[in-house]
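Engineer: The following block contains the structure, expressed as structure tokens.
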Amino acid sequence: MPEVILVYFSAGDVTGKLMQAVESGLLAQNCQTRRYHIRGEDIVRGRFQDNDLFKDLVQCDGIIFGSPTYMGGPAAQFKAFADATSDLWSDQYLAGKLAAGVTSGTNLNGDQSMTLQYFATLASQHGMLWVSLDCPHDDANRSLNRLGTQLGVAAQTLTQDLHEMDRSTALALGERFGKLLNRWK
């Protein structure tokens, strides 16, 4: 059974709710999952530290990144995690794994795509294979991809409530990721 680790930071839990939906999609495709919520106490003197997580990332089959979009990019807490993965980079320990990403923001065009581009670049640095969405903007038959971002899940809310189309898009990404991972394995 393929294993996927969902690594994310979520301050108000909108990104956490997106990750729950992604996880449901993965479970529907018979993937084993583990969610890792980055917390402030994981960062010591400006550096993310969790050697057990890094060992698990090397062993898993896929990784899904998540963070709210702050000031046009991922939150500092996620960036601290990403920077710490540089210890895995030189030997390309994550190469060949599937990767995807989810983000949320308060504005309809709050530069969420920049955060997804950051995730895709991070994955590329590690030699990972990026999984995008496979649905057009506001697909009338499936009610997905409300913001029309193909690179990954981009959600928007002014509150802590997740829009149902954003939740459905996250679920669809999890299902797609799981299908591809099962085909890939």
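116 is the number that full-length UniProt numbering gives to position 116 of the sequence shown; each next residue is one higher, with no gaps.
Ideal placement from N, C-alpha and C gives every residue a C-beta, glycine not left out.
Does residue 47 come out as helix, strand or coil in the three-state DSSP assignment?
Structural biologist: The residue labelled residue 47 in the question sits at position 47 within the sequence shown. Looking at residue 47 - three-state DSSP - the assignment turns out to be strand.
Engineer: Alpha carbon to alpha carbon, how far is residue 9 from residue 37? Give it in angstroms, no decimals.
Structural biologist: Taking the sequence shown and counting its residues from 1, one reaches residue 37 at position 37. Taking the sequence shown and counting its residues from 1, one reaches residue 9 at position 9. One C-alpha to the other measures close to 6 Å.
Engineer: Given this structure, state the Cα-to-Cα distance separating residue 68 from residue 103, to the nearest angstrom.
Structural biologist: What you label residue 68 is simply residue 68 of the sequence shown in a count that begins at 1. What you label residue 103 is simply residue 103 of the sequence shown in a count that begins at 1. Spanning the two alpha carbons is a distance of roughly 5 Å.
Engineer: Quick test of your reading: residue 82 and residue 122, contact by CB under 8 Å. State the CB separation rounded to the nearest angstrom.
Structural biologist: Here residue 82 refers to the residue found at position 82 of the sequence shown. Here residue 122 refers to the residue found at position 122 of the sequence shown. Contact holds; Cβ gap of about 5 Å.
Engineer: Can you tell me which residues form a DSSP beta bridge with residue 7?
Structural biologist: Sequence index remark: in the sequence shown, residue 7 carries index 7 (1-based). Answer is 36, 65.
Engineer: According to DSSP, residue 104 sits in a beta bridge with which residue or residues?
Structural biologist: Residue mapping note: residue 104 aligns to position 104 of the sequence shown, counting from 1. Its beta-bridge partners are 68, 155.
Engineer: What are the boundary residues of the alpha helix (DSSP H) that includes residue 14?
Structural biologist: Here residue 14 refers to the residue found at position 14 of the sequence shown. Segment 14 to 28, the alpha helix (DSSP H) holding residue 14.
Engineer: Would DSSP call residue 73 helix, strand or coil?
Structural biologist: Mapped onto the sequence shown, residue 73 falls at position 73. Strand at residue 73.
Engineer: First and last residue of the alpha helix (DSSP H) that includes residue 125?
Structural biologist: Position 125 of the sequence shown, counted from the first residue, corresponds to residue 125. Looking at the DSSP string, the run of the alpha helix (DSSP H) that includes residue 125 is 112 to 125.
Engineer: Helix or strand or just coil, what does DSSP make of residue 80?
Structural biologist: Taking the sequence shown and counting its residues from 1, the one referred to as residue 80 is at position 80. Helix at residue 80.
Engineer: Sorted by chain position, which residues of the same chain lie with C-beta nearer than 6 Å to residue 165's C-beta, five sequence neighbours on each side aside?
Structural biologist: Within the sequence shown, numbered from 1, the residue matching residue 165 stands at position 165. Excluding sequence neighbours, residue 165 sits near 143, 146.
Engineer: Roughly how many whole angstroms lie between the Cα atoms of residue 5 and residue 156?
Structural biologist: Residue numbering aside, residue 5 sits at position 5 when the sequence shown is read from its first letter. Residue numbering aside, residue 156 sits at position 156 when the sequence shown is read from its first letter. Each residue's alpha carbon lies about 24 Å from the other.
Engineer: Going by the DSSP bridge assignment, what does residue 99 pair with across the sheet?
Structural biologist: The count along the sequence shown starts at 1 and reaches residue 99 at position 99. For residue 99, which the question treats as bridged, DSSP gives the partners 63, 130.
Engineer: Would you say residue 32 and residue 178 are within 7 Å of each other, going by their C-beta atoms?
Structural biologist: Reading the sequence shown from its first residue, position 32 is the one you call residue 32. Reading the sequence shown from its first residue, position 178 is the one you call residue 178. No. Outside cutoff.
Engineer: Note the first and the last residue of the continuous alpha helix (DSSP H) segment covering residue 176.
Structural biologist: Position 176 of the sequence shown, counted from the first residue, corresponds to residue 176. Here the alpha helix (DSSP H) through residue 176 covers 164 to 184.
Engineer: How many Å lie between residue 49 and residue 16 at the Cα?
Structural biologist: For the purposes of this step, residue 49 is identified with residue 49 of the sequence shown, where counting begins at 1. For the purposes of this step, residue 16 is identified with residue 16 of the sequence shown, where counting begins at 1. C-alpha separation (whole angstroms): 21 Å.
Engineer: Within the continuous alpha helix (DSSP H) that includes residue 147, where are the two ends?
Structural biologist: If you number the sequence shown from 1, residue 147 lands on position 147. First-last for residue 147: undefined, no H or E at that position.
Engineer: Mapping the DSSP letters down to three states, classify residue 53 as helix, strand or coil.
Structural biologist: On the sequence shown, residue 53 is found 53 positions in, with the first residue counted as 1. Of the three classes helix, strand and coil, the one that applies to residue 53 here is helix, per DSSP.
Engineer: Going by Cα to Cα distance, which pick from 22, 150, 160, 11 is closest to residue 77?
Structural biologist: For this step, residue 77 is matched to residue 77 along the sequence shown. Nearest option by C-alpha distance: 11.
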